[in-house]
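Protein chains in written order, with our numbering: chain A, 107 to 399; chain B, 107 to 399.
Below, the structure is given as structure tokens:
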């Protein structure tokens with residue numbers, strides 16, 4: 107089921123880049139990969155946010171829901187949820203069919219970030235500027251648990267007898283549990299806390315399990331909900347994997363030595379776009395606008 | 107949807123009991139409530155364990171799956187999962203229809219225990235003897251996350267086209283997310299870490315949200331999967347709530363002053379058994395064997 111990314115990247119180059127990263131300045135590479143200012147992505151992000159705001163209210167007990175509201179909406183942005191909507195539309199589905207799954211994916215991404223930041227303060231030094239901790243670690247741990255649960259709840263509640271979509275939603279739930287669980291995000295985070303990611307051969311593995319897995323899941327789930335064929339699902343899964351790993355690389359590498367980074371990104375970009383060739387060019391225009399040409 | 111337990115318990119008595127509890131010795135009250143040695147419960151527990159052992163293997167990467175295996179099978183026993191199977195059988199369902207949900211509930215109960223034990227070591231003093239921590243806090247945090255995800259995966263994968271059970275499974279997923287999330291287990295745990303449970307008026311609230319919610323969920327999910335009517339589901343939910351709160355009380359109160367504890371337990375027992383009167387006596391025999399007569 108899991109897509110495997112076959113890219114010939116020199117791991118030593120990447121490990122070096124990572125260890126010398128300067129997280130306080132935005133990476134130019136990130137900006138070259140994608141444009142969230144593009145009208146298509148802006149509209150998708152706006153709809154996901156509306157859906158989240160409708161469902162995540164500050165209500166009693168405030169001690170529970172205030173931290174959740176804050177942590178959901180202050181999470182670092184991830185293009186994974188938007189990719190879910192774009193994949194659904196690419197295969198002929200309607201945006202509404204994928205919004206709950208996209209919102210669920212944002213919740214899970216945000217919860218994973220919270221739990222990851224609890225693991226070690228040292229490790230945060232090699233990451234993009236960490237979010238300052240507003241709540242106690244205990245509250246953040248429990249809020250993360252609540253957010254994981256609420257993600258699955260949003261998804262399960264999106265069952266609609268008129269759409270007869272129960273089987274698709276169950277399949278999407280399995281996809282998300284695998285992307286977020288011990289074979290996916292958790293596996294990547296394990297390797298990070300064991301510091302294995304400092305070893306170059308594990309660096310790509312961690313990127314594939316974390317950001318790669320999240321984006322692969324987003325694209326595959328959108329495709330499933332939009333009624334895609336198995337081949338379409340797997341192509342979009344690989345597209346998402348490339349996009350996610352690109353984002354991971356570009357968020358972590360330093361600004362200097364951009365030439366090597368650019369090479370890696372270029373290779374991933376080419377692999378990603380190759381997957382889109384399978385689809386009708388006109389239809390793939392929106393999802394391929396992920397990249398600035 | 108959520109059942110509300112209306113029992114006239116003197117909260118001051120309970121708060122006093124709790125603060126003076128002696129967690130190192132087993133409570134005689136617990137033993138008076140239920141008998142897991144009863145052949146019916148023993149067979150249910152054995153089947154749930156077999157299902158878990160089939161699905162939770164020690165496999166590569168060992169750094170991920172060894173802690174999960176250990177923490178799933180060393181978790182303190184909870185009757186909640188068994189109640190799920192018993193409720194399914196009571197309403198005419200087959201045991202197989204509820205085993206995956208029961209196993210999922212055990213995973214979630216075990217994950218909640220792990221995360222709760224990470225929150226504060228101080229608080230553990232008022233609890234039953236804490237499990238010694240074998241793994242680092244980071245590994246335990248992530249293993250808990252992996253177990254929550256795997257619980258939902260087991261559940262979603264139990265979809266069976268031959269049984270046409272997708273809608274029931276989605277409903278059960280919503281039940282579990284509510285029992286484990288910010289309106290359930292997490293809410294109870296929040297109140298505990300904020301030490302509100304030391305205030306007598308919050309003590310019953312915490313018991314209802316945690317152990318009460320878990321057992322109410324178990325019984326309601328088993329009923330749903332067994333094809334129960336709405337009235338049967340709600341009666342079994344209230345039965346589970348009473349059983350769970352009884353277990354919480356009896357686990358936390360001290361051995362001395364047993365008379366007051368016995369009164370509370372008696373009242374809850376009577377409420378629980380009242381719910382079972384709705385069902386055919388012969389059919390309810392198994393589930394009512396929860397109590398030693």
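Here a beta-carbon is modelled for each residue, glycine too, at the ideal position from N, C-alpha and C. All values reported here derive from a predicted model rather than from experimental measurement.
Give me the Cα-Cα distance between residue i and residue j, rounded to the nearest whole angstrom.
{"i": "residue 371/B", "j": "residue 218/B", "result": "25 Å"}
{"i": "residue 335/A", "j": "residue 386/B", "result": "49 Å"}
{"i": "residue 352/B", "j": "residue 211/B", "result": "19 Å"}
{"i": "residue 91/B", "j": "residue 313/A", "result": "Lying outside 107 to 399, the shown extent of chain B, residue 91/B is not represented and no answer is given."}
{"i": "residue 288/B", "j": "residue 315/B", "result": "10 Å"}
{"i": "residue 190/B", "j": "residue 337/B", "result": "16 Å"}
{"i": "residue 261/B", "j": "residue 207/B", "result": "6 Å"}
{"i": "residue 276/B", "j": "residue 285/B", "result": "14 Å"}
{"i": "residue 311/B", "j": "residue 296/B", "result": "11 Å"}
{"i": "residue 397/A", "j": "residue 215/A", "result": "22 Å"}
{"i": "residue 203/B", "j": "residue 357/A", "result": "46 Å"}
{"i": "residue 326/A", "j": "residue 369/B", "result": "56 Å"}
{"i": "residue 263/B", "j": "residue 280/A", "result": "7 Å"}
{"i": "residue 243/A", "j": "residue 250/A", "result": "11 Å"}
{"i": "residue 248/B", "j": "residue 151/B", "result": "26 Å"}
{"i": "residue 205/B", "j": "residue 199/B", "result": "11 Å"}
{"i": "residue 169/A", "j": "residue 388/B", "result": "46 Å"}
{"i": "residue 394/A", "j": "residue 323/B", "result": "44 Å"}
{"i": "residue 159/A", "j": "residue 171/A", "result": "13 Å"}
{"i": "residue 222/B", "j": "residue 298/B", "result": "10 Å"}
{"i": "residue 183/A", "j": "residue 145/A", "result": "17 Å"}
{"i": "residue 282/B", "j": "residue 294/B", "result": "15 Å"}
When you compare the CB of residue i with every CB in chain A, is at least one pair closer than 9 Å?
{"i": "residue 283/B", "result": "yes"}
{"i": "residue 361/B", "result": "With a pLDDT of 47 at residue 361/B, under the threshold of 50, the modelled position of this residue cannot be trusted, and the question is left open."}
{"i": "residue 187/B", "result": "no"}
{"i": "residue 316/B", "result": "no"}
{"i": "residue 263/B", "result": "yes"}
{"i": "residue 292/B", "result": "yes"}
{"i": "residue 273/B", "result": "yes"}
{"i": "residue 355/B", "result": "no"}
{"i": "residue 256/B", "result": "yes"}
{"i": "residue 295/B", "result": "yes"}
{"i": "residue 373/B", "result": "no"}
{"i": "residue 239/B", "result": "no"}
{"i": "residue 136/B", "result": "Any reading at residue 136/B must be qualified, since the residue scores a pLDDT of 42, below 50, and its modelled position is unreliable; the value itself is stated next. Chain A contact via Cβ: absent."}
{"i": "residue 181/B", "result": "no"}
{"i": "residue 289/B", "result": "yes"}
{"i": "residue 299/B", "result": "yes"}
{"i": "residue 320/B", "result": "no"}
{"i": "residue 169/B", "result": "yes"}
{"i": "residue 218/B", "result": "yes"}
Count the other CB atoms, across all protein chains shown, that sit within 10 Å of the CB of residue i; report buried if there are 16 or more and exposed otherwise.
{"i": "residue 156/A", "result": "exposed"}
{"i": "residue 185/A", "result": "buried"}
{"i": "residue 274/B", "result": "buried"}
{"i": "residue 163/B", "result": "exposed"}
{"i": "residue 143/B", "result": "exposed"}
{"i": "residue 134/B", "result": "Annotation note: pLDDT 43 at residue 134/B (below 50); position unreliable, coordinate value reported separately. Its Cβ having fewer than 16 others within 10 Å, residue 134/B is exposed."}
{"i": "residue 384/B", "result": "exposed"}
{"i": "residue 148/B", "result": "exposed"}
{"i": "residue 268/B", "result": "exposed"}
{"i": "residue 376/A", "result": "exposed"}
{"i": "residue 179/B", "result": "exposed"}
With 9 Å set as the bound, which would you pick, yes or no: does the beta-carbon of residue i sit closer than that to a beta-carbon of chain B?
{"i": "residue 126/A", "result": "Any reading at residue 126/A needs caution, since the residue's pLDDT is 39, under 50, leaving its predicted position unreliable; the model's value is listed next. Answer no: the Cβ-Cβ gap between residue 126/A and chain B never drops below 9 Å."}
{"i": "residue 279/A", "result": "yes"}
{"i": "residue 203/A", "result": "no"}
{"i": "residue 116/A", "result": "Confidence at residue 116/A is low in this model, with a pLDDT of 43, below 50, so the placement of that residue is unreliable and no value is reported for it."}
{"i": "residue 328/A", "result": "no"}
{"i": "residue 221/A", "result": "yes"}
{"i": "residue 251/A", "result": "yes"}
{"i": "residue 244/A", "result": "yes"}
{"i": "residue 259/A", "result": "yes"}
Compute the beta-carbon to beta-carbon distance between residue i and residue j, rounded to the nearest angstrom, for a pair I have assumed lies under 8 Å.
{"i": "residue 345/A", "j": "residue 392/A", "result": "Incorrect: roughly 13 Å between the Cβ atoms, too far for contact."}
{"i": "residue 193/A", "j": "residue 300/A", "result": "Actually they do not touch by this definition, with Cβ atoms about 33 Å apart."}
{"i": "residue 333/B", "j": "residue 197/B", "result": "6 Å"}
Considering only the beta carbon of each residue, do residue i and residue j sit closer than 9 Å?
{"i": "residue 355/B", "j": "residue 374/B", "result": "yes"}
{"i": "residue 240/A", "j": "residue 173/A", "result": "yes"}
{"i": "residue 224/B", "j": "residue 259/B", "result": "no"}
{"i": "residue 319/B", "j": "residue 347/B", "result": "yes"}
{"i": "residue 154/A", "j": "residue 188/A", "result": "yes"}
{"i": "residue 252/B", "j": "residue 278/A", "result": "no"}
{"i": "residue 161/A", "j": "residue 256/A", "result": "yes"}
{"i": "residue 270/B", "j": "residue 331/B", "result": "no"}
CB of residue i to nearest heavy atom of the ligand HEM: below 8 Å?
{"i": "residue 255/B", "result": "Only the bare structure without any ligand can be found here, which leaves the ligand HEM out of the picture."}
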